[in-house]
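Number of protein chains: 2
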Amino acid sequence: MSFDGQLPPKVRLLRAAAELLANSGGAAVSTRQITQLAAVSAPTLYHHFGDKEGLFDAVVAAGFEEYVAGERDFAPSGHPLEDIRRMWDNHVQFGLNQPELYLVMFGNIRPESRPAIVADAEALMEEMLNKAAVAGQLNVQPREAARSILAANVGVTLMLIAEPAAERNLELSTMTRDAMIFAVSAEQASGAGPDTSGKSSVVVAAIALNAALQASHSDQLSSSELKLFLEWLHRISTSSTS
Amino acid sequence: MSFDGQLPPKVRLLRAAAELLANSGGAAVSTRQITQLAAVSAPTLYHHFGDKEGLFDAVVAAGFEEYVAGERDFAPSGHPLEDIRRMWDNHVQFGLNQPELYLVMFGNIRPESRPAIVADAEALMEEMLNKAAVAGQLNVQPREAARSILAANVGVTLMLIAEPAAERNLELSTMTRDAMIFAVSAEQASGAGPDTSGKSSVVVAAIALNAALQASHSDQLSSSELKLFLEWLHRISTSSTS
DNA sequence: CACTTCATATAGCGTTGCTATAGGTGCTAG
DNA sequence: CTAGCACCTATAGCAACGCTATATGAAGTG
Numbered sequence: 002m003s004f005d006g007q008l009p010p011k012v013r014l015l016r017a018a019a020e021l022l023a024n025s026g027g028a029a030v031s032t033r034q035i036t037q038l039a040a041v042s043a044p045t046l047y048h049h050f051g052d053k054e055g056l057f058d059a060v061v062a063a064g065f066e067e068y069v070a071g072e073r074d075f076a077p078s079g080h081p082l083e084d085i086r087r088m089w090d091n092h093v094q095f096g097l098n099q100p101e102l103y104l105v106m107f108g109n110i111r112p113e114s115r116p117a118i119v120a121d122a123e124a125l126m127e128e129m130l131n132k133a134a135v136a137g138q139l140n141v142q143p144r145e146a147a148r149s150i151l152a153a154n155v156g157v158t159l160m161l162i163a164e165p166a167a168e169r170n171l172e173l174s175t176m177t178r179d180a181m182i183f184a185v186s187a188e189q190a191s192g193a194g195p196d197t198s199g200k201s202s203v204v205v206a207a208i209a210l211n212a213a214l215q216a217s218h219s220d221q222l223s224s225s226e227l228k229l230f231l232e233w234l235h236r237i238s239t240s241s242t243s
Numbered sequence: 002m003s004f005d006g007q008l009p010p011k012v013r014l015l016r017a018a019a020e021l022l023a024n025s026g027g028a029a030v031s032t033r034q035i036t037q038l039a040a041v042s043a044p045t046l047y048h049h050f051g052d053k054e055g056l057f058d059a060v061v062a063a064g065f066e067e068y069v070a071g072e073r074d075f076a077p078s079g080h081p082l083e084d085i086r087r088m089w090d091n092h093v094q095f096g097l098n099q100p101e102l103y104l105v106m107f108g109n110i111r112p113e114s115r116p117a118i119v120a121d122a123e124a125l126m127e128e129m130l131n132k133a134a135v136a137g138q139l140n141v142q143p144r145e146a147a148r149s150i151l152a153a154n155v156g157v158t159l160m161l162i163a164e165p166a167a168e169r170n171l172e173l174s175t176m177t178r179d180a181m182i183f184a185v186s187a188e189q190a191s192g193a194g195p196d197t198s199g200k201s202s203v204v205v206a207a208i209a210l211n212a213a214l215q216a217s218h219s220d221q222l223s224s225s226e227l228k229l230f231l232e233w234l235h236r237i238s239t240s241s242t243s
């Protein structure tokens with residue numbers, strides 16, 4: 002299989018690199034392999050991508066687009082927390098389907114090289130969590146929740162990739178997923194947690210309000226409405242936890 | 002700084018490799034650098050370790066011994082779950098102290114190369130969780146709990162490593178840690194079920210408030226008032242629990 | 001046509017991981 | 001003391017690597 006069709010060399014290089022990376026099985030992929038498969042000479046690669054790293058970054062970016070597209074294709078479904086679950090599963094599946102690409106994206110993260118992807122992934126999850134926060138289903142700030150969930154999600158995916166495909170146990174994923182979502186959700190507040198007694202539902206309400214306010218471009222509010230909101234909030238904050 | 006003392010070449014190689022790996026800042030470390038710093042010639046490296054990968058494996062093994070030693074040095078303390086917390090923190094600290102080594106250990110995990118370390122780490126945590134299980138503090142099987150917690154632990158550590166050291170927020174670690182431990186512990190079972198038994202009235206109020214807010218298209222709220230309002234909300238929603 | 005700009009190719013530099021071969025070193029046996 | 005024998009190390013060099021100095025072709029503009 003070669004990419005010496007009519008496609009522009011830049012695209013051929015991208016596809017060749019992606020294919021070799023996907024099938025390398027962890028071994029290093031050389032620029033010579035890539036350029037040969039793309040039916041292109043070495044300087045072309047460097048003209049378009051500057052660097053081997055640059056080419057790999059482009060491949061990763063393309064893979065990430067695909068990943069994001071997969072994440073966005075879910076209907077909002079009205080249950081934000083359920084959407085988070087699907088988002089998690091989709092993340093894991095993406096990692097298992099393209100382990101090499103995933104390892105380049107999340108396995109070799111270094112402060113100077115590649116936190117952009119992580120930031121994007123976090124933003125994507127935070128966006129979804131915002132809906133949960135607006136619905137009063139969140140226990141903590143959406144941003145913190147997103148970072149925490151994503152970190153666990155990446156850890157689980159890496160662990161599953163590390164296992165031989167035969168004995169992969171996806172229960173690790175679902176269990177960790179539900180643990181994280183549960184810990185972040187407001188539901189647990191009604192139970193007896195180690196420290197949740199102090200964290201009354203006021204926090205939940207405040208988080209929901211905060212998220213709603215920031216999501217609704219509310220630089221346009223009448224003062225009377227503001228007073229109403231404050232009154233509501235006061236009633237909330239003084240109501241005893243049921 | 003060179004290791005050309007009286008130590009055997011094997012040890013010199015190990016130390017040189019460890020030092021170069023620690024200070025490389027992510028850049029590749031060449032065998033020539035290592036052999037030069039160790040004051041040794043190339044074939045010596047291959048005689049002792051067979052491979053560059055073999056040498057790195059040895060360094061990783063040594064680092065892992067150190068890691069395990071750190072984990073074991075904690076007194077059992079009678080509170081297994083508290084020990085798990087310290088274990089988690091120790092893991093994160095190890096990763097932040099030796100990021101390069103950590104990335105080699107947990108960042109490049111591949112099924113064919115390096116699951117042994119993961120298995121050891123899991124066993125270590127499972128051992129500790131077993132005590133919690135004996136004390137009736139566990140909600141799930143110790144092995145599953147260990148795998149789940151370790152996965153989240155690795156994910157969090159990788160995320161923290163990926164961040165510039167200046168803006169590392171360890172709250173991500175403590176929050177995820179407590180979420181995982183709480184989800185695994187028996188405490189949560191006493192509360193409400195995982196599904197909506199009944200939302201507290203406060204949440205309902207918050208949802209109603211949210212609806213009112215989003216329905217409003219009025220204007221003329223002074224930006225200072227809005228700013229104050231948001232600030233106040235933010236203060237509430239980020240107020241620490243205890 | 002001349003001129004610029006972009007894209008690709010030829011050839012080769014310096015470095016990499018690794019090794020074929022050989023030379024020392026310390027041992028036990030005769 | 002010498003012979004042989006493992007063991008360990010060094011010299012020199014190969015093939016492959018990432019990358020580039022330089023040159024050539026194609027395409028658009030005056």
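Chains as they are written, first to last, in my numbering: chain A, 2 to 243; chain B, 2 to 243. By construction, the Cβ of each residue, glycine as well, lies at the ideal position given by its N, Cα and C atoms. Please read these numbers as outputs of a predicted model, since none were measured by experiment.
Cβ of residue i within 8 Å of any chain A Cβ
i: Pro81 of chain B; result: no
i: Gly27 of chain B; result: yes
i: Phe95 of chain B; result: no
i: Ala147 of chain B; result: no
i: Arg111 of chain B; result: yes
i: Gly108 of chain B; result: yes
i: Val61 of chain B; result: no
i: Ala133 of chain B; result: no
i: Gly156 of chain B; result: yes
For residue i, the three-state DSSP class (helix, strand or coil)
i: Ser186 of chain B; result: strand
i: Leu97 of chain B; result: helix
i: Leu171 of chain B; result: coil
i: Leu38 of chain B; result: helix
i: Leu8 of chain B; result: coil
CB contact check: residue i to chain B, cutoff 8 Å
i: Leu21 of chain A; result: no
i: Phe57 of chain A; result: no
i: Gly64 of chain A; result: no
i: Met160 of chain A; result: yes
i: Ala51 of chain A; result: Just to set this straight, residue 51 of chain A is Gly in the shown sequence, not Ala. By this cut-off, Gly51 of chain A is not an interface position.
i: Phe8 of chain A; result: The identity of residue 8 of chain A in the sequence shown is Leu, whereas the question assumes Phe. With 8 Å as the cut-off, Leu8 of chain A does not count as an interface residue toward chain B.
i: Pro165 of chain A; result: yes
i: Leu130 of chain A; result: no
i: Leu104 of chain A; result: yes
i: Ala152 of chain A; result: yes
Sub-8 Å separation of residue i and residue j beta-carbons
i: Arg301 of chain A; j: Val41 of chain A; result: In the structure as shown, chain A begins at 2 and stops at 243. Residue 301 of chain A is therefore absent and cannot be evaluated.
i: Val69 of chain A; j: Thr158 of chain A; result: no
i: Ala187 of chain A; j: Asn131 of chain A; result: no
i: Ile110 of chain B; j: Ile110 of chain A; result: no
i: Val155 of chain A; j: Gly108 of chain B; result: no
i: Ala28 of chain B; j: Thr36 of chain B; result: no
i: Ala136 of chain A; j: Pro81 of chain A; result: yes
i: Glu101 of chain A; j: Ala23 of chain A; result: yes
i: Leu125 of chain A; j: Glu72 of chain A; result: yes
i: Ala184 of chain B; j: Ala184 of chain A; result: yes
i: Phe50 of chain A; j: Ala59 of chain A; result: yes
i: Ser10 of chain B; j: Thr32 of chain B; result: Before going further, note that residue 10 of chain B is Pro rather than Ser in the sequence given. No, Cβ-Cβ distance for Pro10 of chain B and Thr32 of chain B is not below 8 Å.
i: Ala180 of chain B; j: Met181 of chain A; result: yes
Cβ distance (whole Å) where residue i is taken to contact residue j below 8 Å
i: Arg148 of chain B; j: Glu123 of chain B; result: 6 Å
i: Val61 of chain B; j: Ile150 of chain B; result: The Cβ separation is near 22 Å, so there is no contact.
i: Met106 of chain B; j: Ala152 of chain A; result: The Cβ separation is near 17 Å, so there is no contact.
i: Arg169 of chain A; j: Arg86 of chain A; result: In fact, because the Cβ distance is near 19 Å, the residues do not count as touching under 8 Å.
Using a Cβ-Cβ cut-off of less than 8 Å, list which residues of the segment 173-185 of chain B approach chain A; keep chain order.
Against chain A - using a Cβ distance shorter than 8 Å - the residues of the segment 173-185 of chain B are Leu173, Met176, Thr177, Asp179, Ala180, Met181, Phe183, Ala184, Val185.
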